[in-house]
Amino acid sequence: MPTLRDCALMVSTLVDYWMGLEMGKRSSPAERRPFLVLSLIVNLGLLCAFKYLGFLCEVMRLLLYSLNLPHELPVPELLLPVGISFYTFQTLSYSIDVYRGDKEPEKHLGRFALYVSFFPQLVAGPIERSRRLLPQFYKEHPFDITRVSNGLRQMLWGFFKKLVIANRLGVYVDAVYDNPADSSGIAILIATYFFAFQIYCDFSGYSDIAIGTARILGYDLMENFRRPYFSTSIREFWSRWHISLSTWFRDYLYIPLGGNRGSTTRWFLNIFLVFLLSGLWHGANSTFLEWGALHGTYFILFIGLSRFLHAVGWPRPFARHPRIRRALAALFTFHLVLFAWIFFRANSVSDAAQLIGRMACAEASGVGILGPFSARKMAIAVGAILFMELVHLCQGETDIATYVSERPLWIRWATYYALIFAILCLGVFDQSPFIYFQF
Amino acid sequence: MKQRRTFILSRLAMLAPIPLVVAFVNYTTDPASLYGGSYEERIASVLLAGDTIQFVYDYDEGRVQKHYVEGLPARREVAVMGSSRARQIHRGMTGDRSFVNNAVSGANLEHYLAIYGLYRRRGLLPGTLVLGLDPWIFNETVADCPASIRSSYYQILALLGPEVYHNVLREYKASIRIYVELFSPSYFQESIRARLDGSAARRPAGALRVAPAASQEAGAIRSDLSRILSDAQRRRSPTEVRQMVRNRIAESGAFMLQGYHALDPQRVSLFEGFLALVQEEGVQVVLLLPPFHPAYYDYLTTLKSNVSTVTVRDVEAYLKVLAQAKGLRLVGSYDPLALGLTASDFIDGLHPRTETLAKLFRDAGKR
Chain A
2 MPTLRDCALM VSTLVDYWMG LEMGKRSSPA ERRPFLVLSL IVNLGLLCAF KYLGFLCEVM
62 RLLLYSLNLP HELPVPELLL PVGISFYTFQ TLSYSIDVYR GDKEPEKHLG RFALYVSFFP
122 QLVAGPIERS RRLLPQFYKE HPFDITRVSN GLRQMLWGFF KKLVIANRLG VYVDAVYDNP
182 ADSSGIAILI ATYFFAFQIY CDFSGYSDIA IGTARILGYD LMENFRRPYF STSIREFWSR
242 WHISLSTWFR DYLYIPLGGN RGSTTRWFLN IFLVFLLSGL WHGANSTFLE WGALHGTYFI
302 LFIGLSRFLH AVGWPRPFAR HPRIRRALAA LFTFHLVLFA WIFFRANSVS DAAQLIGRMA
362 CAEASGVGIL GPFSARKMAI AVGAILFMEL VHLCQGETDI ATYVSERPLW IRWATYYALI
422 FAILCLGVFD QSPFIYFQF
Chain B
2 MKQRRTFILS RLAMLAPIPL VVAFVNYTTD PASLYGGSYE ERIASVLLAG DTIQFVYDYD
62 EGRVQKHYVE GLPARREVAV MGSSRARQIH RGMTGDRSFV NNAVSGANLE HYLAIYGLYR
122 RRGLLPGTLV LGLDPWIFNE TVADCPASIR SSYYQILALL GPEVYHNVLR EYKASIRIYV
182 ELFSPSYFQE SIRARLDGSA ARRPAGALRV APAASQEAGA IRSDLSRILS DAQRRRSPTE
242 VRQMVRNRIA ESGAFMLQGY HALDPQRVSL FEGFLALVQE EGVQVVLLLP PFHPAYYDYL
302 TTLKSNVSTV TVRDVEAYLK VLAQAKGLRL VGSYDPLALG LTASDFIDGL HPRTETLAKL
362 FRDAGKR
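Chains as they are written, first to last, in this note's numbering: chain A, 2 to 440; chain B, 2 to 368.
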C-alpha cells in the first residue's frame, strides 16, 4: 500500500500542474492568487510535515513542559522522501512564475512531471527554473561529441571530488565532530578545515555528476558552484555557493519582501530573515538556524562596515596591490565561512560550543593531530585538497570540462587516466551517502 | 548514428586498459585468496606429508582447512575446532591419538558447520570432536563464513532445516560476487596495499619453508595443523602481557562482542541442532571453554550496556546448562580464576599459553 511518503512527489506534481493550468486561465493576479496559495500550502505543507513536524512537536512539548502543562505529545517519526526539499522548491518556482505571468503554464502533464522529477537533479539539485528547463524538453537533442565529452569530463571530476576528497575527509571529520569531548583542539581545528572541503567536494561533486549526466543527454542544467572559497566577500560567496538555492531565495523571498527597497532596518531584516530560512531549509535543527543567522549577520555587518568605511573615506587596504588584497580578502572570507560551518556540522548547539571552546583553549587532551588517520592518509587528504585548489586556480572562471577540452590530446588523456586511477587507488568506497541527500 | 557509434567504440577502446589492469592486479595479487588457492593447497600438502611449516603468511585459513581435510588419508580420532584460542592444542594433549586441529582465527558457528561439512563429504567423521567455544558464537552481528568453505556450510545448514533454495541462491550469488570482485575498486586498493607493504611477496610462489624440527624461534604449524608459538610470544613477561591487554582494550575494546545484546535465538537453535546432528552421527562431543586473561576477563564482564548487554558469564552459564542437559563433557571456563589460573598463564588477553591448555586437558582427564 503506497504511503504519503511514496506519493509526495506525485501529489506535488499533480497539484502544481493543475494550479498552473488554472492560473493560466485567469488574467489578473487577484484571480490567480487562490491557486498560488493552494500550491504553496500543499508544497510547504508536505515539506513541513515530513521535515519539521517532529521538531515542532518537540518544541511544543518543551514549551508546555516549561508552563507546567500536560506535555505528552506524540512525536511522529516520518522518513523524509528523497529530494523533497529540492523538488518542492522547484515546483514552487514554477507556480510563482506562472502567477507572475513570467511563464506560460505547461499543458503537457508528462513534460511537467519530467521537469519535476528529472532524475539527474531530482535528489539534490540544482534547483532548476521552469523557464530554463521546460523548453529543453521540446527540443531535439541529437548526439553531439563535444557536449557528451564535456559531460563525461564533468562527471569524472565530480566523482574525483566525492570519492577521493569528500569521503576521505568525512572519516576524519566524523571521528572528531561526533566525539568533541575526546578530541584535542588541534584535531578539531583540522576537522573544521576538512569539513569545509568535505561539504564543498561532496555537494559540488554531486552537482558535477548531475550536470554532467544531463549534459550527456543533451540538457543544460544551471551551474551550482563557482569556486566559492575564492570569494572575496560574503556577498560574493553567496553568488558562488549553492547558486540555485541562493538565487531561489533572492527571487522568491528576498525581492518580494522588498529587498533593499525601504529603510535600512527593513533591508537588514529581510536579509536576516532570508538567511534564517535558508538555514531552516537545511533541517529542523537549531544548529542550521545558527548557521543561517551567522551568515545573515556577516552579510549585514559587511554592508554596514563597507558603508561606514566609505562614508569616513577610509583608504582601501592594499589598494595598489589588488592581488594581495584579493588574496587576503578571500582568506578572511573563507575563515568567516569556516567558523559558520562548525554549527552546520555539529550535532547540537552544545557540541558546537564545546568544539569552539576546546579549539580556543588549544585543548591538548584527546585525539591528536592525526586523528583516525595515519600519516599517509593525512598526506593523501591534504595533497588531494591542494591538487583540487590548484586546478581551480588554473581554470579561473572557465568550467572544468571546457578547461580540460582546451588542452592538447595527450594532456587530456593523461588527465583522464590520472583521475581514474586516483579514484581507483585513493577513493573511499564505503557507503558514504551525499551530505545533501539528507535535505 | 555512425558518429555516436564511432565515439562510443573509440572511447571504450581507449579506456579498456583500465578495467584490464584492475582485473590483472586483483587476480595476480588476490590478497583474500578468492581466485587461487594454490598457496593454501601447497601449505596443506606439505602438512599432510607430515612436515612442520614456517614463515607462511596471509593465507586463507579456511582454504587450508579445506585442502587438508580433502587430502586426509584416513579418519582422525580427535578433531579440535575453534578460534585461534584453541589453535595450540596438539596431539599430546588429547591422549596421543590420531589428531587434527581445525581451529581457524576468529572462528564462529559458521566455521564449525563448514568444517564438519568437509568431513561429512569425505566420509571421515572424527571419533571425538572438541569444540573450542568462544563467547561471540551467538552474536549475530559478527556472523560470517569465508567464501572458501561456504558451500559445505550451506550443506550442513540445509540438513539442519533452513530452506535449501535460499542457501543455493546465496551460494550462487557468492560465486558471482567472486568474479565481480575482479573489477572491484576496493579489492584493487587491497591488492595495491598488499603489494606496497610486502604482504603479497610473503606468499611466495616457490617452495615453502619446512622447519627441520619444531623450530622454536619463529613459530610454526605442525603437521596436525596445531600452532607452535614463537620464542617471542612464549617469553613475554606478565608485565608485557598486562600492557598488551591494556592496549587491546584501548584500541579495539571487546573483541567480537560489540553490539551483543542477546544470545541470538536462531544461532542458539542452529548450534543445538548442530550438536544433535554430530551426536546422531556417532561423534563424541567435548565442549571446551578457553579462558581469558584475568584483566581482560574483568573488562569483558563489566562492559557498558551500549557496547554489549550479554556478558561472557551469560554465555558460559548457558553452555554449562546445555552440556548438562545433553550429557556432554565441558572442559575449561572463560573465568581464569575458576581454573586457578593467573596472568602468567597467558601470552595476551585472549590466548592462553600452550602449557595452560595442556593443564586444562590434564585436569579434565583427572576428573
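Cβ atoms here follow ideal geometry from the backbone N, Cα and C, with glycine treated the same way.
With 16 as the cutoff for other CB atoms within 10 Å, does residue i come out buried or exposed?
i	result
Ile177 (chain B)	exposed
Met94 (chain B)	buried
His91 (chain B)	buried
Thr7 (chain B)	exposed
Pro71 (chain A)	exposed
Leu290 (chain B)	buried
Tyr58 (chain B)	exposed
Tyr139 (chain A)	exposed
Gly63 (chain B)	buried
Asp203 (chain A)	buried
Val165 (chain B)	At Val165 (chain B) the pLDDT is 47, less than 50, meaning the model places this residue with poor confidence; the figure from the coordinates comes in the next sentence. Answer is exposed; the Cβ neighbour count stays below 16.
Pro353 (chain B)	buried
Thr147 (chain A)	exposed
His322 (chain A)	exposed
Arg243 (chain B)	buried
Ala1 (chain B)	Nothing can be reported for residue 1 (chain B): it is not among the residues displayed for chain B, which extend from 2 to 368.
Met245 (chain B)	buried
His311 (chain A)	exposed
Met24 (chain A)	buried
Lys162 (chain A)	buried
Ser13 (chain A)	buried
Arg368 (chain B)	Note on Arg368 (chain B): pLDDT 48, under 50, position unreliable in the model; the coordinate value appears next. With fewer than 16 Cβ atoms within 10 Å of its Cβ, Arg368 (chain B) is classed as exposed.
Please name the residue, chosen from the options, that lies closest to residue i on a Cα-to-Cα basis.
i	options	result
Glu264 (chain B)	B:Asp315, B:Val65 and B:Ile19	In the sequence under discussion, the amino acid at residue 264 (chain B) is Leu, which differs from the Glu named in the question. When only C-alpha atoms are compared, the closest one is B:Asp315.
Ile424 (chain A)	A:Pro409, A:Ala385 and A:Ile412	A:Ala385
Leu134 (chain B)	B:Ala344, B:Arg235, B:Gly107 and B:Asp145	B:Gly107
Arg154 (chain A)	A:Phe90, A:Ala215 and A:His322	A:Ala215
Gln285 (chain B)	B:Gln259, B:Arg330 and B:Tyr300	B:Arg330
Ala285 (chain A)	A:Asn44, A:Ala9, A:Leu57 and A:Gly25	A:Leu57
Pro127 (chain A)	A:Asp183, A:Leu110 and A:Ser247	A:Ser247
Gln156 (chain B)	B:Glu62, B:Gln280 and B:Arg122	B:Arg122
Ala442 (chain A)	A:Ala50, A:Ile189 and A:Leu15	Outside the displayed span of chain A (2 to 440) sits residue 442 (chain A), for which this structure offers no information.
Ser205 (chain A)	A:Phe226, A:Ile187, A:Leu135 and A:Ala192	A:Phe226
Ala419 (chain A)	A:Tyr66, A:Leu157, A:Asp179 and A:Leu68	A:Leu157
Ile370 (chain A)	A:Met24, A:Tyr173, A:Ser86 and A:Gly46	A:Tyr173
Arg1 (chain A)	A:Ser150, A:Leu123 and A:Thr298	It is not possible to answer for residue 1 (chain A), since the shown part of chain A is limited to 2 through 440.
Tyr300 (chain B)	B:Leu278, B:Tyr335 and B:Glu273	B:Tyr335
For the alpha helix (DSSP H) containing residue i, list its first residue and its last residue.
i	result
Thr403 (chain A)	Ile401 to Ser406
Gln137 (chain A)	Gln137 (chain A) -> no alpha helix (DSSP H), and no H or E assigned at all.
Ala320 (chain A)	Counting along the chain, Ala320 (chain A) falls outside any alpha helix (DSSP H), and DSSP gives it neither H nor E.
Val124 (chain A)	Premise fails: Val124 (chain A) is in no alpha helix (DSSP H) and is neither H nor E.
Leu295 (chain A)	Ser287 to Ala312
Phe422 (chain A)	Leu410 to Leu427
Leu391 (chain A)	Ala376 to Gln396
Asn27 (chain B)	Pro18 to Thr30
His112 (chain B)	Leu110 to Arg123
Gln156 (chain B)	Arg151 to Leu161
Ala176 (chain A)	Asn168 to Tyr178
Lys444 (chain A)	Not covered by the structure: residue 444 (chain A). The range shown for chain A is 2 to 440.
Asp299 (chain B)	Pro295 to Leu301
Glu42 (chain B)	Ser39 to Leu49
Tyr335 (chain B)	Premise fails: Tyr335 (chain B) is in no alpha helix (DSSP H) and is neither H nor E.
Gln267 (chain B)	Pro266 to Glu281
Gly358 (chain A)	Val350 to Ala361
Which chain E residues sit within Cβ distance under 9 angstroms of residue i?
i	result
Pro186 (chain B)	In the structure shown, chain E does not exist; the protein chains are A and B.
Going by the DSSP bridge assignment, what does residue i pair with across the sheet?
i	result
Arg330 (chain B)	B:Val287
Ala80 (chain B)	B:Val101 and B:Leu130
Ala221 (chain B)	B:Ile229
Pro353 (chain B)	B:Phe347
Where do the ends of the beta strand (DSSP E) carrying residue i lie?
i	result
Thr53 (chain B)	Thr53 to Gln55
**Ordered list of alpha helix (DSSP H) runs contained in the region 28 to 97 of chain A, each at least 4 residues** = 30 to 52 and 54 to 67
**4 or more residues per run - each alpha helix (DSSP H) lying fully within the region 193 to 249 of chain A** = Qualifying alpha helix (DSSP H) stretches, in chain order: 235 to 238.
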